[in-house]
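Data first, discussion second: the structure below is written as structure tokens.
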Amino acid sequence: MVALTLLLLCCGVGGAAANNHYKVIIVGAGMSGISAGKTLSDAGIHNMLILEATNRIGGRVNKTTFAKLSVELGANWVEGVGGKETNPIWTMVKELNLQTYLSNFDNLTSNTYKQKGGLYKKSDAKKIYDEVDKVYKFSEELSKNLTKEKLEDISVLTAQRISQHVPTSPLEMAVDYFHNDYEFAEPPRVTSLKNTQPLPTFENFGDKNYFVADSRGFESVVHYVAQQYLTTNKIGDISDKRLLLNKTVIKLNYSESGVTVETEDNTKYTADYVMISVSIGVLQTNLIKFEPDLPEWKILAMYKFDMAVYTKIFLKFPSKFWPGGDGTEFFVYAHEKRGYYTMWQHLERIYHDSYVLLVTVTDDESRRIEQQSDSETKEEIMAVLRHMFGNEIPNATDIYVPRWWSNKFYKGSFSNWPIGVSKHEFEQIRAPVERVYFTGEHTSEHYNGYLHGAYLAGLYPFSPHTFLLPV
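Residue numbers (mature numbering (1 follows the signal peptide of the UniProt record, and there is no 0)): -18 to -1, 1 to 453.
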């Protein structure tokens, strides 16, 4: 860690902050900010301050209570398990003994529903699933060849066109949605082929996904990292004075000699360096005013990357009306409007007799739903469920709709690498500007969009090649 050594030499180590001056200020206490703090602490830099806008740490790893159950509004799966390398998040989950369940999507051919009229015949559904699988494998090989020959990137949709199989029917679009949008939260026409197929998460860490369902919440892994360097009280809660909650950063003045950070309550803090760990979505807004403005190359690069929206809607019912047993946890709804309440999951396997369904929407549907009332959304969902299961099913008694896009502290769920962003432009996204450094899942070249990406980006927030600190 050459850069960290430079930081030690430039700034010194340890010591208490005086007059609100710190060696490093970290803006944001999500996984990446907390991980970056650990990196600094491990290097001997303890004179730091973490400013978090909300009343909790964890960021987009966030649980809530719904229908007396602990459910995850954001990150929910440990994606990438069982491969040649060990996913660091999986290591933490096992260390904490969090309750997890292996997600199995193999039986979707038996659980795919028409827009009206119930289930597709398994043989008809299987034919389409097999065709889409072939296109996906073709796209992976095409992506590898593009990389090998150092050719320009193309979109996932362009790869589908080259394979002469672009999804058009409701069933084809639904299966394609499962393969693409359900993973990346944006459609194939937007998503980069070279940077998503094959996906490094599954190539390196394995193709198994584990659903976290623990009353302590998936956010326990963020606390696990934080507690390795932040002090806690007798009951294990973080009490370290270097972590300040409900501190919204609204202005950041930077120069060659240091930084000044101002929060919404008119408090100013100074530091030698600042590490920005807010989402790329927040960086694309004016929530934080940079003085002077960030350079044009930085702004252009940041706006080229996408902040996708992934919305998990929870519904509670008085009784169960959907199939139960092995191979029924996930089911698909094929509608003429792509992405219209497509991906479903019942939580009976996880929470017995809970009568809770989870439906996922993304992108434009997420934004549309965030702008209407929950009662309107529930009405739409009930119409879909009645098309699937008949008119006699009971009404949902409760609904929870997260609003990631509308929340000014997130402005979306996670980043997606869109077509048109080169490796050089990606390096510009995470490159420092004088004494301002950037981290977050969007700065992880191979794992952007994932919790392990956020963690690893925080572990290595400075590259000895690109992020050498100013002397």
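Even for Gly, the Cβ is constructed at its ideal location relative to N, Cα and C.
Which residues mark the beginning and the end of the beta strand (DSSP E) in which residue i is found?
| i | result |
| --- | --- |
| N248 | Careful: N248 lies outside any beta strand (DSSP E) and carries neither H nor E. |
| P380 | The sequence given here has Asp at residue 380, not Pro. Note, D380: beta strand (DSSP E), 380 to 382. |
| S397 | 396 to 398 |
| T82 | 82 to 84 |
| I32 | 30 to 33 |
| S202 | That residue, S202, is in no beta strand (DSSP E); its alpha helix (DSSP H) goes 202 to 208. |
| V54 | Position check: residue 54 holds Glu in this sequence, whereas Val was assumed. Taken as a continuous stretch (DSSP letters only), the beta strand (DSSP E) holding E54 covers 51 to 54. |
| V231 | 231 to 237 |
| V194 | 190 to 194 |
| F303 | Where F303 is concerned, there is no enclosing beta strand (DSSP E), given that its DSSP letter is neither H nor E. |
| Y429 | Counting along the chain, Y429 falls outside any beta strand (DSSP E), and DSSP gives it neither H nor E. |
| V314 | 312 to 315 |
Going by DSSP, what residue range makes up the alpha helix (DSSP H) through residue i?
| i | result |
| --- | --- |
| K294 | Segment 292 to 298 is the beta strand (DSSP E) holding K294; no alpha helix (DSSP H) there. |
| Y437 | 433 to 441 |
| Q183 | Gln is not the amino acid found at residue 183; the sequence shown has Thr there. That run of the alpha helix (DSSP H) goes 182 to 187. |
| P149 | Taken as a continuous stretch (DSSP letters only), P149 belongs to no alpha helix (DSSP H), as it is neither H nor E. |
| A163 | Reading the sequence as shown, one finds Asp at residue 163 and not Ala. That run of the alpha helix (DSSP H) goes 163 to 166. |
With distance defined between alpha-carbon atoms, name the residue in the options nearest to residue i.
| i | options | result |
| --- | --- | --- |
| N93 | D308, W386, N177 | D308 |
| residue 455 | S85, D196, M155, D106 | In this structure the chain extends from -18 to 453, so residue 455 is not present and cannot be described. |
| A316 | Y236, V157, S239 | V157 |
| T47 | F296, V415, E362 | F296 |
| L84 | P169, K405, D189 | D189 |
| M257 | V338, N268, T242, S357 | T242 |
| Y236 | A253, L227, E407 | A253 |
| P274 | N69, E122, V418 | V418 |
| T293 | K116, E347, Y437, E154 | E347 |
| Y432 | L181, M30, N79, L31 | L181 |
| V63 | K130, N228, V194 | V194 |
| N228 | A208, K302, E244, E134 | E244 |
| Q209 | E201, G199, I220 | I220 |
| V343 | I363, Y337, S357, L329 | I363 |
| V138 | S125, A107, L175 | L175 |
| N37 | M289, V264, F391, G440 | F391 |
| W279 | A413, H3, K298, L78 | A413 |
| E201 | T379, K45, N373, Y437 | K45 |
| L340 | Y382, G321, Y322, A365 | Y382 |
| Q179 | L153, K126, V207, P169 | K126 |
| F299 | T150, L133, D380, V264 | D380 |
| L265 | E374, G26, F420 | F420 |
| T68 | K109, L51, T183, S23 | T183 |
| I110 | N430, E168, S395, Y159 | Y159 |
| A436 | E131, E34, K50, A57 | A57 |
| D135 | K5, A49, P400, G263 | P400 |
| residue 454 | V366, I411, K132, F312 | Because the chain in this structure spans residues -18 to 453, residue 454 falls outside the shown range and cannot be described. |
Quick one: is the Cβ of residue i within less than 6 Å of any heavy atom of the ligand FMN?
| i | result |
| --- | --- |
| N29 | In terms of ligand content, the structure shown is empty, and the ligand FMN therefore cannot be addressed. |
Determine which residues share a DSSP beta bridge with residue i and list them.
| i | result |
| --- | --- |
| V418 | V256, V415 |
| G12 | G40 |
| I220 | T214 |
| L226 | L33 |
| T173 | P400 |
| T47 | S52 |
| T242 | N235, T252 |
Check the Cβ-Cβ distances between residue i and every residue of chain D, and say whether any is below 7 Å.
| i | result |
| --- | --- |
| E113 | Structure shown: chain D not included; a single protein chain is present. |
Cβ contact check for the segment 227 to 236 and the segment 206 to 216: 3 or more pairs under 8 Å:
Too few Cβ pairs lie closer than 8 Å, so no.
Which whole runs of the beta strand (DSSP E) in the segment 259 to 289 are 3 residues long or more, in chain order?
Every unbroken stretch of the beta strand (DSSP E) spanning 3 or more residues and falling wholly within the segment 259 to 289 is given here in chain order: 271 to 273.
Extract the residue ranges of the alpha helix (DSSP H) inside the segment 321 to 395, only unbroken runs of 4 or more that lie entirely within it.
Listed in chain order, the complete alpha helix (DSSP H) runs (minimum 4 residues) inside the segment 321 to 395 are 345 to 352, 356 to 371.
In chain order, each alpha helix (DSSP H) run of at least 4 residues that lies wholly inside the segment 60 to 141:
Within the segment 60 to 141, the complete alpha helix (DSSP H) runs of at least 4 residues are 70 to 78, 104 to 130.
Count Cβ pairs between the segment 93 to 112 and the segment 332 to 349 that sit closer than 8 Å; are there 3 or more?
Touching, no.
Counting pairs of beta carbons, one from the segment 246 to 255 and one from the segment 420 to 438, are three or more of them closer than 8 Å?
Verdict: no, contact absent.
Taking three-plus beta-carbon pairs below 8 Å as touching, is the segment 380 to 396 in contact with the segment 349 to 361?
Contact between the segment 380 to 396 and the segment 349 to 361 is present, because at least three Cβ pairs lie under 8 Å.
Determine, using beta-carbon pairs with one atom in the segment 13 to 24 and one in the segment 159 to 168, whether at least three such pairs fall under 8 Å.
Taking one beta carbon from each stretch, the segment 13 to 24 and the segment 159 to 168 have fewer than 3 pairs nearer than 8 Å; the two do not touch.
Segment contact flag, the segment 1 to 14 with the segment 34 to 51, C-beta cutoff 8 Å, min 3 pairs
At 8 Å Cβ cutoff, the stretches touch.
So, does the segment 112 to 126 touch the segment 278 to 286, judging by three or more C-beta pairs under 8 Å?
Judged by Cβ distances under 8 Å, the segment 112 to 126 makes no contact with the segment 278 to 286, as fewer than three pairs qualify.
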